[in-house]
Every structure is written in C-alpha cells, then in structure tokens.
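Chemist:
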Amino acid sequence: MNNQKNKTMSQVDIQSENQLNKSGRGGKRPGAGRPKGTSKLYAFRADKEVAAYLDSQENKTDFIKQCITQQMEAVKHRKEDEVLMQLGEVMPTSRIKPMTLPFFDVKVVAGFPIPLNNDEQAQNIEVLKMLCPHPDSSYLIRVQGRSMIEAGVNDGDIIIVDKSERNPTEKQIAVCELNGEYTLKRVRKKDGNVWLVPANPEYPEIEVTDGDDFSVWGVVTYIIHKPVYK
C-alpha cells in the first residue's frame, strides 16, 4: 500500500513538473537572465575610515565606478608616456612653473647695434603661455634621433607638442602612433595613401597601410634648441 502511495505521489510530482514546463512557467528558459560577459558583481570589505567616507557619498555605485575609471585612465596615460619615451624624454607642460621674461618688441638686425638696456621699453610676457596656447594638452619632448634634421629638429632638441591638434598640414611636423610605436614625421597623402615622411634622406618614407593601427598623437608647435657654433 505504501509502495503504491509513493508511486502515486511520484507520478503526481512528475506530472505537475511537466505541466509547468509545458505552460512556460518554472524551469530554466532559454535566453533568461543577464547575458554572459556583460557585467560582474563584486563585494569587498572596507575599513572604518573608508566605509565612513563611502557612506557619505550620495550614490555609492557611481562614486566607485568613477574612482575605478579615473584609475584606469591614469594607468593608460602612464603606459602612453612609457611608449612615448621612444621619442625621448617626455614632460607635460602642466608640470612647468609659470615664468615671465622681459620682451623687447624691436627688430634685431645683423648691422648696427640697437640699445636694449632700457627696461621701460620691455613688456613682461609669460613664456609658457606664449609657447603653449593649450598648456593642458601640451607636452615637452626631448628628441632622440636625426630623422627630422632638415626640418630644424636636431638630436637633443626639445619640441612642444599640442595634443589638441590632430589634423596636421603636410608642412607641419607631427607625433604619430604606428602599430604601438611613436615617430616624429610629416604626414602626407600620395595617390590616396598616407605616408610618414622624414626630413632626412638617410631615412625611408613609411607607407601607412589599411592593416596598420595609425593615429596622429599631436602636432609640434615649437622647437627649442641651443645655437649651433661652428
């Protein structure tokens, strides 16, 4: 009798489950739930001071996301600066202290001397503002190499690069990223193709193909170098 009762209950259970599945209720449905790979849930413990600061935020989730995003951007910029070291020493102009110098708005000719000892004739100018119209997006790079010597860029010179300019003319000098490496060249188009052109016949021109990862990192706005004594 008990066996028959258990058998009957099992049959009822199976029948009820089949009815639920047929009706579309219960069980796992194809495509249900969050798509795989879209996001993950994380939990962590915070010490008392961190927890108190986090509790003071109006939207804790947005605050944590913002902190992580800022950290990711900082890491990205550090890696970018490391790769840029291929060109030479790199320094953002935002790290440079403002400096003013007296400026004499006169023409200096290679003829008779012109007196420039009267400070009343001079006006003070902020050097960084003059050289960097966009200081927040400008960098100083000490150049390594001789590929642009005929454009006035010598080995050891300091160039000021404006990252806010990404569309150089054919005469401008640009810092270009090609397949993860940086180079200082002119960007020119020939027969519909993009070429990176040096200013030294000892260096070859580089054709940018469709399979290359190419972008203009910034445009050179000023070149700073010491006078050459011969």
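Basically the working numbering = 1-based index in the sequence shown + 393.
Note that CB positions come from ideal geometry on N, CA and C, so glycine has one too.
Remember, predicted model here, so these are calculated numbers, not experimental data.
Report the rounded CA-to-CA distance for I457 versus P528, giving the unit in angstroms.
Modeler: 30 angstroms
Chemist: When you compare only the Cα positions, how much space is there between D548 and I599?
Modeler: Note on geometry: alpha-carbon atoms of D548 and I599 lie some 20 angstroms from one another.
Chemist: What does T486 pair with, by DSSP beta-bridge criteria?
Modeler: In DSSP, T486 forms no bridge with anything.
Chemist: Count the C-beta pairs between the segment 605–622 and the segment 543–563 that are closer than 8 angstroms, then say yes if the count reaches three, no if not.
Modeler: yes
Chemist: Compare the C-beta of A567 with all C-beta atoms of chain D and state if any pair is closer than 8 angstroms.
Modeler: The structure shown contains no chain D; it is built from a single protein chain.
Chemist: Spatial neighbours of S416 within its chain, please: C-beta separation below 8 angstroms, excluding the five flanking residues on both sides.
Modeler: Confidence in S416 is poor, its pLDDT being 49 and thus under 50, which makes the residue's placement unreliable; the coordinate value appears in the next sentence. Cβ neighbours of S416 beyond the five flanking positions: none.
Chemist: Buried or exposed for A567, please, with buried defined as at least 16 other CB atoms from any protein chain shown within 10 angstroms of its CB.
Modeler: buried
Chemist: Do R581 and E595 have their beta-carbon atoms positioned less than 8 angstroms apart in this structure?
Modeler: Against a cut-off of 8 angstroms, the Cβ pair of R581 and E595 comes out as no contact.
Chemist: DSSP three-state label for F607, please.
Modeler: strand
Chemist: Take F496 as the anchor and find which of P485, T486, I518 and R488 has the nearest alpha-carbon.
Modeler: I518
Chemist: Using alpha carbons as the reference points, say which of D584, G604, A592 and I534 lies closest to I616.
Modeler: I534
Chemist: Quick one: residues in its chain with C-beta nearer than 6 angstroms to the C-beta of T493, no 5 flanking neighbours on either side, listed in chain order?
Modeler: N517 and E519
Chemist: Please classify T576 as buried or exposed, where buried requires at least 16 neighbouring CB atoms within 10 angstroms.
Modeler: buried
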